[in-house]
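Here is the structure we will look at, set down as C-alpha cells.
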Amino acid sequence: MTVTKNWVRRNSPGIVALTLMVGTFYGVRLPESSASEVDRLAEGFAFEKMSISMPGGFETQKVRKVNKAYKHIDAWISSVGAGIALNDLDGDGLPNDLCVNDPRIDQAVVTPAPTRKDAYAAFALDPAPLGVSTTMAPMGCMPGDYNEDGAMDVLVYYWGRTPVIFVNKGAKDAPLTADSFTPTELLPGKPGKKYTGPLWNSNTAAVADFDGDGHNDIFIGNYFPDSPVLDPSKDGGVTMNDSLSHAQNGGGGHFFRWTPDGYEKTDGSIPQGLDKGWSLGASAADLDGDRLPEMYLAHDFGTSALLHNVSRPGEIRFREVKSEHSGFVPKSKELGRSSFKGMGVDFGDLNHDGLYDMFVSNITTSFGIQESNFAFVSKAGGKEELRSDFLDREAPYEDESASLGLAWSGWGWDVKMGDFDNDGNLEITQALGFVKGKNNRWPQLQELATANDALVANPQWWPNVQVGDDLAGSQRMRFFALDEESGRYANLSKKLGIGEPIPTRGIATADVDGDGRLDMAVARQWDEPAFFRNVGETPGSALQLTLTHPDGAPVVGAEVCVELPDGTMRVTRLDGGGGHSGKRSTDVHIGLGKGVGGPLPVVLTWRDRDGDVHEQKLRMEPGRHAFELGTQAKEK
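Just so we're on the same page, my numbering is the position in the sequence shown counted from 1, plus 8.
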C-alpha cells in the first residue's frame, strides 16, 4: 500500500497532466452524429456525381506567381479563387449553364451543366480587347441581367484589376460561344491593351436593389488593399492584415449604383470602421420587410457586420446594428462583436417563423484554430418589431450553432441553404478546407495566431506555406440535414458520396433539369469542379417560380411566402447573388413537405421598375410557374 501511495505521489504531476489532456480532448473534439442517425437521415437524399466539361489549350499551374514579399507564403496567397455559378445564360428556360472559375488555368469558363443533351463546347471569357495583364486572375463570376434586356450577362471579378461585365448579346439561334458576350468595364478606365487601372483584389460580390429605385445595384468586396499581389517582378508594396481579430487595412467594399447611363461608383455607403475590411463574403436580404435589403459583410480577421439598409433612391447608405451585449454570452459570439473569421454567409428561415436567419462560415478546426460557425437566429416577434430594433441599432439575433450541431465543421468557406429533399426544412451545405499537401503547418499557424498584432501586417513574420504544405487540406465539405427528432443537424456528406477530402470553395444550387429537385455544383481549390445531380426520392413536392420584370430580367429581391396546410410558413427571396464564391440561380425554390397538395395560398412581394412596392395574394399548385411582375403579377 505504501509503495502504491509513493508511486502516486511521485507521478501525480503526470497523472494530472494526462487527465487534463484526456479531458481537453473530449471537451474540444468535434461532436459527431451516430452512424444510425446518419443512415436514417441519409435515406431521403441521393446524388449522382458528374464531370464538368472544361476547355483545353490552357497552361495549368499548381500555385500562382506572387509578389516577392509573399514568395514564402505563395500557397497561402493562392488559396482562393475557385468559384462557381449556375444560371440560364442561353435562354432555354432552365438554369443549366455554369460559370466556373478555375485557378488551375486562371480562367472564368462558361460550360453546360453535364445533364444537358444539347451541350455546347466550354469556353473561357476573355476580357480583351479591354486591358489585360499577366498579373491578374479571376476570382469569381456572378450572372445577372445588368443591362435589363432579358438576357443574362456575367460579371467577373479579379485580383489585379477591376471587374468586367460580359454582356450577353442574347442570340437564341445558336449555341453559346465566347463571341456571345461583349466585355465591358464596370469601372471605366484608360483604354489600351495593357491594363493600367486600379489594382483591385476582389473576393466577393452581391447584387440587389440596394437603394429601392427598382433597378439592381452591385457590391464588390475586396480582400487585399489595392496592391501588386500577383506581380512577381515587385518586391513589396503589399501588406497582410494589421490584426488577427479586427483588421481594418483591407480592400474594403465598393458599391455601384444603377443609373440610366450605366453603373456609377458611390462612396460612403458603409460605416467607417467597416469600410476597410478583408472581404470574403457578402449576402443581401430584406430582413425587416421594408423592401430594402440588409447586407451581411463577412470579413476575414474580424469586423464582420450586419448592415441595416437606410437608403433612398439615388443614395445607398447603411448603418451597423449589433446584438445586445450580455454577460451570459461570449462577446465573440455576439452579432457585430465577433472577432472570428467571416468566410461566407447565407440567409434562410431555419425555424419557420417567417424571419430570415443567418449562417456564417468560419474556421472551426479542432486542435487547429477552433472558433465557431454562427447560426444567428432571429428573436424578434415579427418584421415590425425587427424594424424598430434596427432603428435603435439593435440586432435581436442569437447564435444557436452549438445547440443545433452547426458550430464546428472545419476551415469553412461558402455556405448555401436549400431544401434538397423538399421536406420543408432547409439543408445547409458548406465548403471546407484550405491548403492540401503533406507537411503539417498547423503548429506554425498556431504560433502566428498568438502573435502581437504589431507584427502580423508584415509578410515576413508569416510562417512558410508553400506547395507541399498542408493546412486542413483533407477536410470534407459538409451537408447538414435537420433531425427533427433531436432538433440538431447531422453531417451527411461522406455518407452521400459528396464529401471527398479535397478543399472546396464555392457552392451553387439550382434545379438544372426541371425535375423539382435542387442540384449542386462545387468549386474545388486546385482540383476539378464537381457537379452533383439530385436523384433522391424526395418525400415532398416543391414550388418553383421564375419571376421576371416585363423586360425579362429577374426581379431580384422579390419575396415568396407560402402558407402550408398546418399553418406554418415557408419564405424565401429571389437572390441576385451573394456568398463567398458560389452563386445560386435566380429561380425560387420552396420545399413543401410530404403530402402537401394545392392550391396553396402564396404572397408575392416585389418592387417594380419605378421602385413601387407591390404585394399580391395568389393560390398556386405545387410545381413550376413563371410570372411577369409589373404592377400586377401575371402568370406566363
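Quick reminder that beta carbons are idealized off the backbone N, C-alpha and C, glycines included.
Since the structure is predicted, the reported quantities are computational estimates derived from the model, not experimental observations.
Length of the line joining the Cα atoms of LEU553 and SER396: 31 Å
PHE488: CB within 7 Å of a non-hydrogen atom of the ligand MG: Inclusion of the ligand MG in the displayed structure is not the case, the ligand content being empty and no account of it being possible.
For TYR304, the residue or residues it bridges with in DSSP: SER291, LEU314
Own chain residues within Cβ distance below 7 Å of ARG632, not counting five before or after: GLY522, GLN552
First through last residue of the alpha helix (DSSP H) which encompasses TRP450: 450-457
Close beta carbons around ASP308, own chain, < 6 Å, minus the five adjacent residues each side: TRP286, LEU288, LYS349
Rounded C-alpha distance that separates ALA83 from LEU238: 12 Å
Assigned secondary structure, ALA378 (DSSP; H/G/I helix, E/B strand, else coil): Per the sequence presented here, residue 378 reads as Gln, with Ala not at that position. It is a strand residue.
Boundaries of the alpha helix (DSSP H) in which LYS502 is found, first to last residue: 501-504
At least 3 beta-carbon pairs within less than 8 Å: the region 260-269 vs the region 581-589: no
Per DSSP, cross-strand counterpart(s) of ASN447: ASP477
Contact check, GLU435 vs GLY441, beta carbons under 8 Å: no
Cβ-based burial, ILE341 [other Cβ within 10 Å; buried from 16]: The sequence shown places Lys at residue 341, not Ile. With 16 or more other Cβ atoms within 10 Å, it is buried.
Residue burial classification, ALA641 (beta-carbon count within 10 angstroms, cutoff 16): buried
Stretch-stretch touch, CB-based, cutoff 8 Å, three pairs: the region 469-488 with the region 437-457: yes
First through last residue of the beta strand (DSSP E) which encompasses ASP157: Neither: ASP157 is in no beta strand (DSSP E) and is coded neither H nor E.
Nearest to TYR165 (by Cα), restricted to the options GLU567, VAL329, ILE228, ASP491: ILE228
Segment limits, alpha helix (DSSP H) that includes ALA46: Looking at the sequence itself, residue 46 is Val, so the reference to Ala does not match. 43-50 is the extent of the alpha helix (DSSP H) around VAL46.
Endpoints, alpha helix (DSSP H) assigned at TRP84: 82-85
Reduced DSSP category for GLU342 - H, G, I as helix; E, B as strand; rest coil: coil
Beta-carbon separation (whole angstroms), ASP219 vs SER319, contact threshold 8 Å: 4 Å
Chain-order list of residues whose beta-carbon lies under 7 Å from that of ALA182 (same chain, five-residue window excluded): none
Cβ-based burial, PRO511 [other Cβ within 10 Å; buried from 16]: buried
Sub-8 Å separation of SER386 and TRP416 beta-carbons: no
C-alpha gap between VAL570 and VAL563, whole angstroms: 18 Å
Beta-carbon spacing of PHE355, ALA293 below 8 Å: yes
Close beta carbons around THR32, own chain, < 6 Å, minus the five adjacent residues each side: Because THR32 sits at a pLDDT of 46, beneath the cut-off of 50, its placement in the model cannot be relied upon, and the point is left open.
Spatial neighbours of THR576 in its chain, beta-carbon cut-off 7 Å, leaving aside the 5 residues before and after: HIS360
Within 8 Å, strictly: CB atoms of ARG112 and THR68: yes
Length of the line joining the Cα atoms of SER188 and LEU97: 10 Å
Limits of the beta strand (DSSP E) - the one that ASP105 falls within: 105-110
Status (buried if at least 16 other CB within 10 Å, exposed otherwise) for PHE375: exposed
C-alpha distance - GLN280 paired with ASN249, whole-angstrom precision: 17 Å
Beta-carbon gap between LEU526 and THR517 smaller than 8 Å: yes
Spatial distance of GLU40 from GLY200 (CA atoms): 56 Å
DSSP three-state assignment for ARG532, whether helix, strand or coil: strand
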